[in-house]
Amino acid sequence: MSRPELVAPPEIYYGDTEATKYTNNSRIQQIQADMTYRALELLNLPPEEPAFLLDIGCGSGLSGEILTEEGYEWVGMDVAPSMLEVALEREVEGDLFLQDIGQGMGFRPGSFDGAISISVLQWLLNAETSHPTSSPPHRLTRFFTTLHSALRNPSRAIFQFYPTSDDQIQLITSIAQKAGFGGGVVVDYPNSKKARKVFLCLYVGSGGGQQAPKGLEGEEQEVDESRARFESRRERVKKGDKKRKQIKGKEWTLRKKELYRQRGKESVPRDSKYTGRKRKAVF
Numbered sequence: 001m002s003r004p005e006l007v008a009p010p011e012i013y014y015g016d017t018e019a020t021k022y023t024n025n026s027r028i029q030q031i032q033a034d035m036t037y038r039a040l041e042l043l044n045l046p047p048e049e050p051a052f053l054l055d056i057g058c059g060s061g062l063s064g065e066i067l068t069e070e071g072y073e074w075v076g077m078d079v080a081p082s083m084l085e086v087a088l089e090r091e092v093e094g095d096l097f098l099q100d101i102g103q104g105m106g107f108r109p110g111s112f113d114g115a116i117s118i119s120v121l122q123w124l125l126n127a128e129t130s131h132p133t134s135s136p137p138h139r140l141t142r143f144f145t146t147l148h149s150a151l152r153n154p155s156r157a158i159f160q161f162y163p164t165s166d167d168q169i170q171l172i173t174s175i176a177q178k179a180g181f182g183g184g185v186v187v188d189y190p191n192s193k194k195a196r197k198v199f200l201c202l203y204v205g206s207g208g209g210q211q212a213p214k215g216l217e218g219e220e221q222e223v224d225e226s227r228a229r230f231e232s233r234r235e236r237v238k239k240g241d242k243k244r245k246q247i248k249g250k251e252w253t254l255r256k257k258e259l260y261r262q263r264g265k266e267s268v269p270r271d272s273k274y275t276g277r278k279r280k281a282v283f
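Under UniProt numbering, the first residue of the sequence shown is numbered 1, with each subsequent residue one higher.
As structure tokens, then:
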């Protein structure tokens, strides 16, 4: 089965049906949660301190929910309108932006205390057109340059991604370094075909320490044990989370969308058949 990024651009691949299917898939929810917690571990934020984070390629907000549970404020951005619409319907806490990260970002310098990205970076390795500005090097350069500016000094950005070759890793890391980042690649469970995960750990300034973190070692059995510990921890979080909002109805969701529109947010997705009348989105 081909990787999604090899099938179609993300805003096309993740249409209404695929966005909903992706979000409701329990296996994907588990994998996304595992990688988000690992990204936060690599982000190495000071414990018990507030932080304002950027979720790059936030999708329907699966990672964002964990950021909220961990006590962080966050902003999410994604290029797929259907994914952002699902995120709004799920009432995630972060502010959401419709944005192609390959075109760069317009945040003020030093806006964020850190950034995470789960299963997104490989999408920038595909040229959508033959124009030179659509080439992976150009898009990666725009992305990393504007991201470096948006992060405070010192801070970190952690990317979990799926490279298909060492050449892709080399391309990404070299462009990130030219944009001003330090850091390198961290590989968890390098000897396991199923559990192997690649993380790009980038630093702005000291980034909490120049020494790159070490990847996790072991075989798949150890990963399963870790997952079991995670599942029990998630149960404790759910039971003890007294602040979790009750599920609200269609009218509340519509009011929230309308409030976002009144505030001038251009990235609010149109209303779906589940939340009311269709609106023509202006992006």
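Just so you know, even glycine gets a beta-carbon here, dropped at the ideal spot from N, CA and C.
For the candidate residues the options, whose alpha-carbon lies nearest to that of residue i?
i	options	result
L96	L88, D34, H131	L88
N153	R27, I116, G110	G110
P9	P81, N25, L62, T36	P81
M77	I31, E69, G94	G94
I28	E41, L45, E49, G59	G59
T145	E128, S134, H131, M105	M105
G215	T20, A127, R38	R38
S165	P137, V198, R270	V198
P137	E70, N25, A157, Q177	Q177
L202	N126, E11, I175, R270	I175
H148	S26, L54, I12	L54
L200	V120, K257, N191, R261	V120
P163	E18, S135, N126	N126
residue 284	T17, G57, F143	Residue 284 lies beyond the range of the chain shown here (1 to 283); nothing can be said about it.
A157	L45, G15, T17	L45
Would residue i count as contacting chain C if we go by Cβ distances under 8 angstroms?
i	result
T68	The chain labelled as chain C is not found in the depicted structure, where only one protein chain is given.
Anyone know if the C-beta pair for residue i and residue j falls short of 8 angstroms?
i	j	result
Q122	E5	yes
D113	V79	no
V30	S63	Correcting the residue type first, residue 30 is Gln in the shown sequence and not Val. Not a contact, by the Cβ cut-off of 8 angstroms.
G184	T173	yes
L42	P213	yes
L67	W74	yes
V86	E65	no
T20	I116	no
S71	R90	The sequence given here has Gly at residue 71, not Ser. No. Outside cutoff.
Can you say whether residue i is buried or exposed, counting buried as having 16 or more other CB atoms within 10 angstroms of its CB?
i	result
R139	buried
E217	exposed
K193	exposed
F52	exposed
V7	exposed
T23	buried
E49	exposed
G102	buried
R3	exposed
D188	buried
R233	Low per-residue confidence applies at R233: pLDDT is 40, beneath 50, and the placement is therefore not dependable, though the value from the model is reported in the following sentence. With fewer than 16 Cβ atoms within 10 Å of its Cβ, R233 is classed as exposed.
residue 288	As shown, the chain starts at 1 and ends at 283. That puts residue 288 outside it, with no answer to give.
Q221	For Q221, the predicted structure reports a pLDDT of 42, less than 50, and the residue's modelled location is therefore unreliable. The matter cannot be settled from this model.
D271	buried
S155	buried
I12	exposed
Below 8 angstroms on the Cβ atoms is my contact criterion, and I expect residue i with residue j to pass it. Report the Cβ-Cβ distance as a whole number of Å.
i	j	result
Q168	I118	Not a contact, Cβ separation roughly 17 angstroms.
V204	L124	That belief does not hold up - the Cβ atoms of V204 and L124 are roughly 19 angstroms apart, past 8 angstroms.
A179	T141	7 angstroms
Per DSSP, what kind of secondary structure is residue i in: helix, strand or coil?
i	result
Q160	strand
N153	strand
V186	strand
E73	strand
S111	coil
K178	helix
V198	strand
S2	coil
S226	With a pLDDT of only 42 at S226, under the threshold of 50, the placement of this residue in the model should not be trusted; the figure read from the coordinates follows. S226 falls in the helix class under three-state DSSP.
I45	One point to set straight first is that residue 45 is Leu, not Ile, in the sequence displayed. Residue state, collapsed to three classes: coil.
S192	coil
L216	coil
S134	helix
Y37	helix
D100	coil
Y13	helix
V86	helix
S60	coil
Can you tell me whether residue i sits near the ligand PLP, meaning its C-beta is under 7 angstroms from at least one heavy atom of the ligand?
i	result
G64	What this structure holds is no ligand at all, so the ligand PLP is not there to describe.
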